[in-house]
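J.: Have a look at the structure that comes next, please.
In the numbering used here, the protein residues as written are 66 to 481.
Below, the structure is given as structure tokens:
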């Protein structure tokens, strides 16, 4: 009996020839991740264990949610991580100015690689499945144990098989693909399952598309979102990853709990209406919905390709006078490259605010909090009630194409 990609990674790490759904396994970890929200409580739990860190080169501490510190409490959180990182000689700790959003910089820096097994005290740790790894979010205690022992337990998940066909239209990106999938199966459609992508359509997706799609696997309930290793993956990791890695591919007789087919050629720009990512509609069907704010950035859509899409739409134009538009590059490298290419000038000339890399408004942290009754089109990953501010505000999830066009029109709109 064959295995899928998720099973192969877990079996390899567990030292087993074969695993199956429902089986409990204990695996050594390749990387353990925390941020400035989840890291401090994990550190407190870790200190109760009374052991040293298992490997200072396999722990990443990224202060990105409230940094640069927005207030005294956020400064205290960052200090907790900083002190712990220095005390334990943590290699992958990045202070403000060298940091970016965690799920942007770990792939960018080559810290995660194909075939790796990664846990993170952040639900969007599933991002790294785009690189053909198995990565998933865990709780504070599991992360603390992971830092101490270098191991974690896993229940081998069932797998949802997503087969992609067709060609990607010019106004479609990974955000439309994943929102379409979530719209089909719902926010619990892959609950405690892995989502694996396959089919001829995979080659249509850039690495930015794949990172966006894997990032939002959790919005369908998924434990992971895994892509196959191909030439696009290889081109991305070459020159970034400086350690041996071993990709995985599914067996032809691999088992899946369900199969979903998506024809990329048929996709249209979509938006997820409040207050769930599954409330997906084509933009052309949402009607006249005026907005107050646009956010382009986050661990979902803060990469260079995302900024390029926005810059091409906004160039030489002005955003609607009733809209504030916030642009947040995902890393310092992306920020610098956007400056070199003239996109920051484009954004500022259009009337946008440009931020340093940070999670910021995505989780209702700072730099873009909504008041009662306000509406925001955002390239972030969640639109739960109160996610970005007041409980009576609304967040509409969309691609950079739709977000930029909406900023110009003052209402939800697709690019012409």
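Backbone N, C-alpha and C fix where the C-beta goes; we use that ideal spot for every residue, glycine too.
Among 98, 386, 347, which residue has its Cα nearest to the Cα of residue 208?
T.: Nearest of 98, 386, 347 to residue 208, Cα basis: 98.
J.: Going by other Cβ atoms of all chains shown within 10 Å of its Cβ, with 16 needed for buried, is residue 218 buried or exposed?
T.: The residue is exposed, with fewer than 16 neighbouring Cβ atoms inside 10 Å.
J.: Counting beta carbon pairs with one atom in the region 368-387 and one in the region 412-422, are three or more of them shorter than 8 angstroms?
T.: By the Cβ test, the region 412-422 is in contact with the region 368-387, since at least three Cβ pairs between them sit closer than 8 angstroms.
J.: According to the neighbour-count rule (16 or more other Cβ atoms, all chains shown, within 10 Å of its Cβ), is residue 288 buried or exposed?
T.: buried
J.: Taking only three categories from DSSP, how would you classify residue 265?
T.: Residue state, collapsed to three classes: helix.
J.: Using only the alpha-carbon positions, how far apart do residue 333 and residue 347 sit?
T.: 6 angstroms
J.: Would you give the residue range spanned by the alpha helix (DSSP H) that residue 376 belongs to?
T.: 369-379
J.: Just how far apart, CA to CA, sit residue 442 and residue 71?
T.: 34 angstroms
J.: I want to check one thing, is the minimum distance from the CB of residue 413 to the heavy atoms of the ligand NAP below 7 angstroms?
T.: With respect to the ligand NAP, the structure offers nothing, as it holds no ligand at all.
J.: Going along the chain, which unbroken runs of the beta strand (DSSP E) with 3 or more residues stay wholly within the region 109-143?
T.: Complete beta strand (DSSP E) runs here, min 3: 124-127.
J.: Given that a residue counts as buried once 16 or more other Cβ atoms are within 10 Å of its Cβ, and exposed if not, what is residue 117?
T.: exposed
J.: Looking at the secondary structure, which residues open and close the beta strand (DSSP E) in which residue 219 lies?
T.: Its beta strand (DSSP E) spans residues 216-220.
J.: Do residue 342 and residue 448 count as a contact pair if the criterion is CB distance below 8 angstroms?
T.: yes
J.: If contacts are defined as beta-carbon pairs under 8 angstroms, then residue 465 and residue 361 qualify, I think. What distance do you get, rounded to the angstrom?
T.: 6 angstroms
J.: Specify the secondary structure class of residue 321 as computed by DSSP and reduced to three states.
T.: Residue state, collapsed to three classes: coil.
J.: Using a Cβ distance threshold of 8 angstroms, determine whether the region 308-328 contacts the region 130-139, with at least three qualifying pairs required.
T.: no
J.: State the Cα-Cα distance for the pair residue 112 and residue 400, rounded to the nearest angstrom.
T.: 36 angstroms
J.: Apart from the five residues on each side of it in sequence, which residues of its chain come closer than 6 angstroms, Cβ to Cβ, to residue 255?
T.: 225, 285, 286, 287
J.: If I follow the unbroken beta strand (DSSP E) through residue 461, where does it start and stop?
T.: Counting along the chain, the beta strand (DSSP E) containing residue 461 begins and ends at 459-463.
J.: Quick test of your reading: residue 188 and residue 283, contact by CB under 8 angstroms. State the CB separation rounded to the nearest angstrom.
T.: 5 angstroms
J.: Spatial neighbours of residue 158 within its chain, please: C-beta separation below 6 angstroms, excluding the five flanking residues on both sides.
T.: 126, 150
J.: Between the alpha carbons of residue 390 and residue 269, how many angstroms are there, rounded?
T.: If you take the alpha carbons of residue 390 and residue 269, they lie about 30 angstroms apart.
J.: Starting from the C-beta of residue 156, find all residues in its chain whose C-beta is less than 7 angstroms away, skip the five residues before and the five after it, and write them out in chain order.
T.: 121, 122
J.: Determine which residues share a DSSP beta bridge with residue 402 and list them.
T.: DSSP lists no partner for residue 402.
J.: Buried or exposed for residue 355, going by 16 or more other Cβ atoms inside 10 Å?
T.: Looking at its Cβ environment, which holds fewer than 16 other Cβ atoms inside 10 Å, residue 355 is exposed.
J.: Do you know how far the Cα of residue 372 is from the Cα of residue 186?
T.: 27 angstroms
J.: Measure the alpha-carbon distance for residue 339 versus residue 349 and round it to whole angstroms.
T.: Cα to Cα, residue 339 sits roughly 17 angstroms from residue 349.
J.: With distances taken Cα to Cα, identify the nearest neighbour of residue 392 among 367, 406, 398.
T.: 367
J.: DSSP puts residue 183 in a beta bridge; with which residues?
T.: Paired residues: 96, 200.
J.: Relative to the alpha-carbon of residue 422, which residue among 81, 154, 162, 104 has its alpha-carbon at the smallest distance?
T.: 162
J.: What is the residue span of the beta strand (DSSP E) that residue 223 lies within?
T.: 223-230
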